[in-house]
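Residue numbers (the numbering used here): 101 to 334.
Don't be surprised by glycine CBs; every beta carbon is placed ideally from N, CA and C.
Computed from a prediction, not measured in an experiment: that's the story for all the values here.
Since the structure comes first, as structure tokens, the remarks are kept for the end.
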């Protein structure tokens with residue numbers, strides 16, 4: 101008879117690596133997207149036309165969109181580790197709640213809409229780079245304004261999803277002590293900021309990336325403190 105043992109450290113380490121990469125790609129993708137000129141002023145059309153006529157900017161639009169996609173996919177791996185930690189704490193405390201379900205809901209909303217934000221915000225540049233028959237000129241630059249507005253709206257929706265995720269995690273920290281208290285209060289403050297909507301969606305993704313890095317540290321601390329659980333005998 102041999103005993104199979106679950107290795108939580110290895111599983112958590114892979115999720116932590118995914119979280120760090122997701123945060124880095126999110127920050128880089130957002131910064132590349134924010135290189136786009138302001139599109140709400142009187143000179144928006146000529147500025148956007150000059151910006152997208154630059155082939156370097158067209159290429160960076162593709163890079164930014166891919167980074168948003170990669171960030172969302174890696175975040176899914178990281179989110180599973182967070183939910184597993186919360187469910188384990190609920191089980192040890194003898195509580196059955198909906199907190200992990202709310203975390204899954206909020207995280208899914210974030211992933212879907214952050215990919216949409218990265219795609220729509222860079223779609224004009226991607227099209228200009230790959231479609232030879234698509235002219236970059238003032239009469240088509242107005243399409244870029246529409247797409248950038250859609251991108252910002254998607255970013256607002258993504259951060260609403262983050263707010264749901266973080267409020268649920270804060271509650272889990274308060275009730276079953278799933279993670280360190282400092283991470284829970286960081287989540288609470290950021291969740292409130294995410295509800296600022298149009299006024300904060302330009303900066304809250306960066307703060308959320310910082311929170312993800314802090315959560316990676318907390319996950320490692322929690323795994324090191326937890327005893328190794330034996331699996332079923334083979």
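Checklist entry - What residue from 296, 271, 180 has the CA that sits closest to residue 288's CA? => result With distances taken between Cα atoms, residue 288 lies closest to 271.
Next on the checklist: Going by DSSP in three states, residue 110 sits in which element: helix, strand or coil?
Outcome noted: Helix.
Checklist entry - With a Cβ-Cβ cutoff of 9 Å, do residue 276 and residue 186 count as a contact? => result Residue 186 sits close to residue 276, with the two beta carbons spaced by under 9 Å.
Checklist entry - What distance in whole Å lies between the Cβ atoms of residue 165 and residue 226, which are believed to be in contact at a cut-off of 8 Å? => result That pair is a contact at about 6 Å.
Next on the checklist: With a threshold of 6 Å on Cβ separation, who are the neighbours of residue 167 within its own chain once the five nearest residues in sequence on each side are excluded?
Outcome noted: Hits under 6 Å: 125, 128, 129.
Item to check | Proximity of residue 248 and residue 219 at Cβ, strictly below 9 Å | outcome: Taking 9 Å as the cut-off, the Cβ atoms of residue 248 and residue 219 do not count as close.
Checklist entry - Does the stretch 187-194 come close enough to the stretch 222-238 to have 3 or more Cβ pairs within less than 8 Å? => result Here the stretch 187-194 does not lie against the stretch 222-238, with fewer than 3 beta-carbon pairs under 8 Å apart.
Next on the checklist: Can you tell me whether residue 260 is buried or exposed? The criterion is at least 16 other CB atoms within 10 Å of its CB, across all chains shown.
Outcome noted: Residue 260 is buried by the Cβ-count criterion.
Checklist entry - Whose C-alpha, out of 114, 216, 306, is nearest the C-alpha of residue 181? => result Residue 114 holds the alpha-carbon nearest to the alpha-carbon of residue 181 among 114, 216, 306.
Item to check | Cα-Cα separation between residue 252 and residue 211, rounded to whole angstroms | outcome: Cα to Cα, residue 252 sits roughly 15 Å from residue 211.
Item to check | Endpoints, alpha helix (DSSP H) assigned at residue 92 | outcome: Because the chain in this structure spans residues 101 to 334, residue 92 falls outside the shown range and cannot be described.
Next on the checklist: Comparing C-alpha positions only, which one of 154, 233, 214, 175 sits nearest to residue 254?
Outcome noted: If we check each option's Cα against that of residue 254, 214 comes out closest.
Checklist entry - Looking only at C-alpha atoms, which of 241, 199, 232, 172 sits nearest to residue 274? => result It is 199.
Next on the checklist: I'd like the ranges of any alpha helix (DSSP H) spanning at least 4 consecutive residues and lying wholly in the stretch 253-289.
Outcome noted: Runs of the alpha helix (DSSP H) lying entirely within the stretch 253-289, each at least 4 residues long, are absent.
Item to check | Rounded C-alpha distance that separates residue 291 from residue 284 | outcome: Their Cα atoms are separated by approximately 10 Å.
Item to check | Residue range of the unbroken alpha helix (DSSP H) whose run includes residue 213 | outcome: For residue 213, the uninterrupted alpha helix (DSSP H) run begins and ends at 199-230, by DSSP.
Next on the checklist: Rounded to whole angstroms, what is the Cα-Cα separation between residue 237 and residue 134?
Outcome noted: Cα atoms of residue 237 and residue 134: separation of roughly 21 Å, rounded to the nearest angstrom.
Next on the checklist: Does residue 127 come out as helix, strand or coil in the three-state DSSP assignment?
Outcome noted: In this structure, DSSP gives residue 127 a helical state, which the three-state scheme calls helix.
Next on the checklist: Between residue 269 and residue 322, how many whole angstroms is the CB-CB distance? I'm expecting something under 8 Å.
Outcome noted: Actually they do not touch by this definition, with Cβ atoms about 13 Å apart.
Next on the checklist: Whole angstroms are fine: how far does the CA of residue 234 sit from the CA of residue 155?
Outcome noted: Spanning the two alpha carbons is a distance of roughly 14 Å.
Item to check | Exposed unless 16 or more other CB atoms sit within 10 angstroms - verdict on residue 201 | outcome: Residue 201 should be labelled exposed.
Next on the checklist: Using 8 Å for Cβ pairs, my map puts residue 228 next to residue 152. What's the rounded Cβ distance?
Outcome noted: Contact between residue 228 and residue 152 holds, with the beta-carbon distance rounding to 5 Å and staying under 8 Å.
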